[in-house]
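**Student:** Residue numbers (this note's numbering), protein chains in the order written: chain A, 924 to 1434; chain B, 924 to 1434. Take a look at the following structure, please.
Printed below as a string of structure tokens:
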């Protein structure tokens, strides 16, 4: 039951409606923007009610926008009932119904750099926003919003939405108030700088401006975010993280990185978390993060005093870590800053601060192009997210991954990536459990040798070197044999392994 | 003979040496940075003398850095005598000896985003700069430099060089003085914003700080820049430019572009020049340019009053246009601003101003990836240059090119580009003589139909649609048939045409 700590103006209580009533505000064909970023700070009740109505026979297919992938109460619920026509800017494979629809071509998914979406909405490139559904911790007496732990593109959705639905979620702690820094850039030609000079600089307001009159409906919610506890790092992850740490210290010794380190950005998932846990155990001090998403390890780094400032557009505490936050909210509140996605990922700030970008690709090729999105070049695994924003604009761009997948049946280093998300111009450092390939300043033929010999699994090195030797017979700055460039992927599709020596007896996938 | 208008401190006259003496300061294995950008403002005498010494038997191979491709007195002279080990950040096909060395793998060429090189030098990623050779219009009484018409990376080379050689070129007019705006960003973590809010804002000094004591040698020069007169636009170029103009006006009518237009960036070459000439004849007024290079058409736009501010890192007046500049230097000096390359191409400024980026690719594919550099995926045609800086960060990114090349034997729209310089995430608008493909907000399958139907040559459309239909049988977000994705290129290599109906009787190229 909502109280005046959550709804701070009496008139707000008159706006409380059942989720079904809020869902009825969403009509077929509308563009709907939802708050949140990953399973963090996203609305749950209204979309569940909309999915139920569709299942019961209502025709409603929407154009769904968000910060990133959000929770199953939106993604799976709506995709499973055919309620989504379009989806942008991000999607992750964990949402099975959405994945199926996107890869069948039934849901039109547009995969964009996460720093771009908000401004493309603001420029009018993507049409009007009909409805914004925002999960809030509270609504102020002015009708402004205290957001949850995932900001994403919420400010831009609210700026443009004709109708604003607010889900006030009592499962989100009031301790979140004050952690946000909401800032909306004007459109060109009236733009000034983003005055962020250190990761922790605050430039906006802790509240998202909305206004009492713009809130069409308030829905009560108490459904917690669906954040899972992370699995502990594997020995292989720890080895990769160790290689990264050695590389950073080497760069410091060479005078190419200052001490304390420049701000870090670290992607999503278990490798990223392992990297930060490794840093937590290292002798490095006074670390800062200017990142997209802040996972569990950041809390460890703050608690140990190693990190004083951590900026992101979302933090995703697992249930275990949420308890730590609630036990000492002041400690984390003074160190964590939650920004809109287009600010957390903004090229201007990333380049100015000199962020060290650390991301995980699906595969990369001998010449240093990387695929972050498509398995076999066709199936969308998950979107490019913010990796392009950081890798292009960071001081250092580091790709870190295991050298193989599926028990060695897939080499993550291939002759030519089957889909390019990051070109050779945007990559510098590759790290696997086998070592570090530093390709700064190298030409393609040199890059290829360093990448194969330092990063590829030894079993795949001869195959990759064979490709290079054959390709070089044709000459060229970037020697390629286009007839064989995708042979690894084609062999995998035919036999189930990229390794001709280890093909399973029975072929499985076909294409 | 140099006078005190060119050498403004008496001690400078003592530093005048023959070019051969200056060239002797360059030792085997050194890294040498040269001023200039395209055949504009580059030194000529010292490198010619070095090439002559190498030809006469001296062993000297250098690591050559510049702003972009420069003139034959550097590129061809040194490459022809085997004087170049490494080359970065840009190269253009017009330099035959350099092209041959790069594509044979004898010269290690590293192709980078032009906004990146200066900071990578500053970060220490590319080793020390041993020698900077700078063409100057004059040297001030403090030993600071009045640069020529091409700034490029000169400020960063001079900042880091152990030895500075200055070629004072009396063929460069003193009227250039005051046009430059030299600004060097500090390294992270001490960076502030770039305070450029309009294309014409000046934030630095008209002089490049060097100092009397740092100038090791002065060489007299009177060799003019090798800028050629541009050919007039073809009817096809005019049709493409007309399509672009109609598109921009349509966007204004839809409220997606303001009036006056946002600043324009236009690439190098005849298409780019045709686009600007088309704008010059249009009803659009109050145009500005925030571009990398300012070609002839910019002078027409300034003279007609249509352009008030034009910012670039170089201007390349052809001999005809140079006469116009010299006749009315004040007119052009108040409108033209010459900046360092990392400022002209800086993501922060490009995104803030909302630059409309217009560039020409070699080819693009049905899903909207673009190849700017490699013919057949292997042979370096010319570097990526600044196209990535502008296309990624601009308000609008527009690729404009003819739909075919070599009399129709090459389709510039292919199933999969053979080399990716710009990914699907970085492209919005494609224009050929056939029309405009606006792929903003579309998913890959939709993009493919729009690109093929609006941009491809009608003769190639059925082949491209066949590819898509076949690929879609395998499903996926981005349907591909990897065994056929490069069939156009392979067919061209085998038969001399991408079109199976029009293959020449005798195959020519082989790979």
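Glycine residues also receive a C-beta, built at the ideal position from the N, C-alpha and C atoms.
Which chain A residues sit within Cβ distance under 7 Å of residue 1342 of chain B?
**Tutor:** What you label residue 1342 of chain B is simply residue 419 of the second chain in a count that begins at 1. Per Cβ cutoff of 7 Å: 1401.
**Student:** Do residue 1239 of chain A and residue 963 of chain A have their C-beta atoms closer together than 8 Å?
**Tutor:** Stepping through the first chain from its first residue, residue 1239 of chain A is reached at position 316. Stepping through the first chain from its first residue, residue 963 of chain A is reached at position 40. Against a cut-off of 8 Å, the Cβ pair of residue 963 of chain A and residue 1239 of chain A comes out as a contact.
**Student:** What does a CB cutoff of less than 7 Å around residue 1019 of chain B pick up in its chain, not counting 5 residues either side in sequence?
**Tutor:** As a position in the second chain, residue 1019 of chain B is number 96, starting the count at 1. Closer than 7 Å at the Cβ level, and outside the excluded window around residue 1019 of chain B, lie 999.
**Student:** Quick one: list the residues of chain A neighbouring residue 1364 of chain B, beta-carbon separation under 7 Å, in chain order.
**Tutor:** What you label residue 1364 of chain B is simply residue 441 of the second chain in a count that begins at 1. Neighbours of residue 1364 of chain B on chain A, chain order: 1033, 1048 and 1049.
**Student:** Suppose the cutoff is 6 Å on Cβ atoms and the five residues either side in sequence are ignored; what does the same chain contact list for residue 1439 of chain A look like?
**Tutor:** Outside the shown range of chain A (924 to 1434) lies residue 1439 of chain A, about which nothing can therefore be said.
**Student:** I'd like to know whether the C-beta of residue 1360 of chain B is nearer than 8 Å to at least one C-beta of chain A.
**Tutor:** The count along the second chain starts at 1 and reaches residue 1360 of chain B at position 437. For residue 1360 of chain B, the answer is no, since every Cβ of chain A falls outside 8 Å of its Cβ.
**Student:** If we ignore side chains and look at the alpha-carbon of each, how far apart do residue 1284 of chain A and residue 1367 of chain A end up?
**Tutor:** Translated into positions along the first chain, residue 1284 of chain A becomes position 361. Translated into positions along the first chain, residue 1367 of chain A becomes position 444. For residue 1284 of chain A and residue 1367 of chain A, the distance between alpha carbons rounds to 20 Å.
**Student:** Please decide whether residue 1301 of chain B counts as near chain A, where near means a Cβ-Cβ distance under 8 Å.
**Tutor:** As a first step, residue 1301 of chain B must be located in the second chain, where it is residue number 378. Yes, because at least one Cβ of chain A sits closer than 8 Å to the Cβ of residue 1301 of chain B.
**Student:** Could you say which of A:1228, A:1354 and A:1291 lies nearest to residue 1343 of chain A if we only look at CA atoms?
**Tutor:** The sequence position of residue 1343 of chain A within the first chain is 420, counting from 1. Residue 1343 of chain A has its Cα closest to that of A:1291, out of A:1228, A:1354 and A:1291.
**Student:** Using CA atoms only, rank isn't needed, just tell me which of A:966, A:1004, A:1373 and A:991 is closest to residue 983 of chain A.
**Tutor:** Numbered from its first residue, the first chain carries residue 983 of chain A at position 60. Comparing Cα positions, the closest option is A:1004.
**Student:** Assign residue 1178 of chain A to buried or exposed, taking buried as 16 or more other Cβ atoms, counted over all protein chains shown, within 10 Å of its Cβ.
**Tutor:** Taking the first residue of the first chain as position 1, residue 1178 of chain A is located at position 255. Exposed.
**Student:** Under 9 Å between beta-carbons, which chain A residues line up against residue 1129 of chain B? List them in chain order, please.
**Tutor:** Against the second chain, residue 1129 of chain B aligns to sequence position 206. Correct list: empty, because the minimum Cβ distance to chain A is about 23 Å.
**Student:** Can you tell me which of A:1021, A:1014 and A:1425 puts its alpha carbon nearest to the alpha carbon of residue 1383 of chain A?
**Tutor:** Residue mapping note: residue 1383 of chain A aligns to position 460 of the first chain, counting from 1. Of the candidates A:1021, A:1014 and A:1425, the one whose C-alpha sits nearest the C-alpha of residue 1383 of chain A is A:1425.
**Student:** Hey, how far is the Cα of residue 1141 of chain A from the Cα of residue 988 of chain A?
**Tutor:** Locating residue 1141 of chain A in the first chain gives position 218, where the first residue counts as 1. Locating residue 988 of chain A in the first chain gives position 65, where the first residue counts as 1. When rounded, the distance between both Cα atoms is 20 Å.
**Student:** What is the DSSP secondary structure of residue 1238 of chain A, reduced to helix, strand or coil?
**Tutor:** As a first step, residue 1238 of chain A is located in the first chain; it is residue number 315 there, counting from the start. In the structure shown, residue 1238 of chain A sits in a strand (DSSP, three-state: E or B).
**Student:** DSSP on residue 1357 of chain A, reduced to helix/strand/coil?
**Tutor:** As a position in the first chain, residue 1357 of chain A is number 434, starting the count at 1. Coil, per DSSP.
**Student:** Run through chain A and tell me which residues come within less than 7 Å of residue 1338 of chain B, C-beta to C-beta.
**Tutor:** As a position in the second chain, residue 1338 of chain B is number 415, starting the count at 1. Under the 7 Å cutoff, chain A gives no residues; its nearest Cβ is about 11 Å from residue 1338 of chain B.
**Student:** Mind listing the chain A neighbours of residue 1242 of chain B? Cutoff is C-beta to C-beta under 7 Å, in chain order.
**Tutor:** Reading the second chain from its first residue, position 319 is the one you call residue 1242 of chain B. Those within 7 Å of residue 1242 of chain B in chain A number zero; the least Cβ separation is about 32 Å.
**Student:** Compare the C-beta of residue 1213 of chain A against all C-beta atoms of chain B and say whether one is closer than 8 Å.
**Tutor:** Taking the first chain and counting its residues from 1, the one referred to as residue 1213 of chain A is at position 290. By this cut-off, residue 1213 of chain A is not an interface position.
**Student:** Here's a check: name, in chain order, each residue in its chain whose Cβ is nearer than 6 Å to the Cβ of residue 960 of chain A, leaving out the five neighbours to either side.
**Tutor:** Looking up residue 960 of chain A in the first chain gives position 37. Excluding sequence neighbours, residue 960 of chain A sits near 990, 991, 1073, 1075, 1236 and 1237.
**Student:** Taking the CB atoms as reference points, tell me whether residue 918 of chain A and residue 1299 of chain A lie closer together than 8 Å.
**Tutor:** Chain A is shown from 924 up to 1434; residue 918 of chain A falls before or after that span and cannot be answered.
**Student:** Report yes if the CB atom of residue 1214 of chain B is closer than 8 Å to the CB atom of residue 1182 of chain B, and no otherwise.
**Tutor:** Stepping through the second chain from its first residue, residue 1214 of chain B is reached at position 291. Stepping through the second chain from its first residue, residue 1182 of chain B is reached at position 259. For residue 1214 of chain B and residue 1182 of chain B, no; Cβs fall outside 8 Å.
**Student:** Using a threshold of 8 Å, state whether the C-beta atoms of residue 953 of chain A and residue 1054 of chain A are closer than that.
**Tutor:** By 1-based counting over the first chain, the position of residue 953 of chain A is 30. By 1-based counting over the first chain, the position of residue 1054 of chain A is 131. Cβ distance < 8 Å, so residue 953 of chain A and residue 1054 of chain A count as in contact.
**Student:** Where does residue 1197 of chain B sit, in a helix, a strand or coil, going by DSSP?
**Tutor:** For the purposes of this step, residue 1197 of chain B is identified with residue 274 of the second chain, where counting begins at 1. If DSSP states are grouped into helix, strand and coil, residue 1197 of chain B belongs with the helices.
**Student:** Pull up the distance between the alpha-carbon of residue 1060 of chain B and that of residue 1105 of chain B, whole angstroms please.
**Tutor:** Counting from 1 along the second chain, the entry for residue 1060 of chain B is found at position 137. Counting from 1 along the second chain, the entry for residue 1105 of chain B is found at position 182. Cα to Cα, residue 1060 of chain B sits roughly 15 Å from residue 1105 of chain B.
**Student:** Helix, strand or coil: how does DSSP classify residue 1373 of chain A here?
**Tutor:** Within the first chain, residue 1373 of chain A is the residue found at index 450, counting from 1. Residue 1373 of chain A falls in the helix class under three-state DSSP.
**Student:** Taking a cut of 8 Å between CB atoms, which residues from the segment 1088–1119 of chain A lie near chain B?
**Tutor:** The segment 1088–1119 of chain A vs chain B, Cβ under 8 Å: 1110, 1111, 1112, 1114, 1115, 1116, 1117 and 1118.
**Student:** Need the endpoints of the beta strand (DSSP E) that residue 955 of chain B sits in, please.
**Tutor:** Here residue 955 of chain B refers to the residue found at position 32 when the second chain is read from its first residue. Looking at the DSSP string, the run of the beta strand (DSSP E) that includes residue 955 of chain B is 954–957.
**Student:** Identify, in the order they occur along the chain, each residue of the same chain with its Cβ nearer than 8 Å to the Cβ of residue 948 of chain B, setting aside the five sequence neighbours on each side.
**Tutor:** For the purposes of this step, residue 948 of chain B is identified with residue 25 of the second chain, where counting begins at 1. If we look at residue 948 of chain B and ignore the five residues flanking it on each side, its Cβ neighbours are 1054, 1086, 1088, 1139 and 1140.
**Student:** Does the separation of the CB atoms of residue 1210 of chain B and residue 1229 of chain B fall below 8 Å?
**Tutor:** Residue mapping note: residue 1210 of chain B aligns to position 287 of the second chain, counting from 1. Residue mapping note: residue 1229 of chain B aligns to position 306 of the second chain, counting from 1. Going by C-beta atoms, residue 1210 of chain B is nearer than 8 Å to residue 1229 of chain B.
**Student:** By the DSSP assignment, the alpha helix (DSSP H) with residue 948 of chain A in it spans what residues?
**Tutor:** To locate residue 948 of chain A, count along the first chain from 1; it is residue 25. No alpha helix (DSSP H) contains residue 948 of chain A, which DSSP labels as neither H nor E.
**Student:** What residues in its chain sit with their C-beta under 7 Å from that of residue 1082 of chain A, if we drop five residues either side in the sequence?
**Tutor:** Taking the first chain and counting its residues from 1, the one referred to as residue 1082 of chain A is at position 159. Within the same chain, residue 1082 of chain A has close Cβ partners 1107.
**Student:** Tell me which same chain residues have a C-beta within less than 7 Å of the C-beta of residue 936 of chain A, skipping the five on either side of it?
**Tutor:** Numbered from 1 along the first chain, position 13 holds the residue referred to as residue 936 of chain A. So the list reads 930, once near-sequence residues are dropped.
**Student:** Among residues of its own chain, excluding the 5 on either side of residue 1327 of chain B, which ones have a beta-carbon nearer than 7 Å to its beta-carbon?
**Tutor:** The sequence position of residue 1327 of chain B within the second chain is 404, counting from 1. For residue 1327 of chain B, where only same-chain residues beyond five positions count, the Cβ hits under 7 Å are 1333, 1334, 1335 and 1380.
**Student:** Give me the chain B residues within the contact set of residue 1026 of chain A, using Cβ-Cβ distance strictly less than 7 Å, ordered along the chain.
**Tutor:** If you number the first chain from 1, residue 1026 of chain A lands on position 103. Result: 1398, 1399 and 1400.
**Student:** Anything in chain B within Cβ reach of residue 1346 of chain A, meaning under 7 Å, just list it in chain order.
**Tutor:** For the purposes of this step, residue 1346 of chain A is taken as the residue at position 423 of the first chain. In chain order: 1343, 1344 and 1346.
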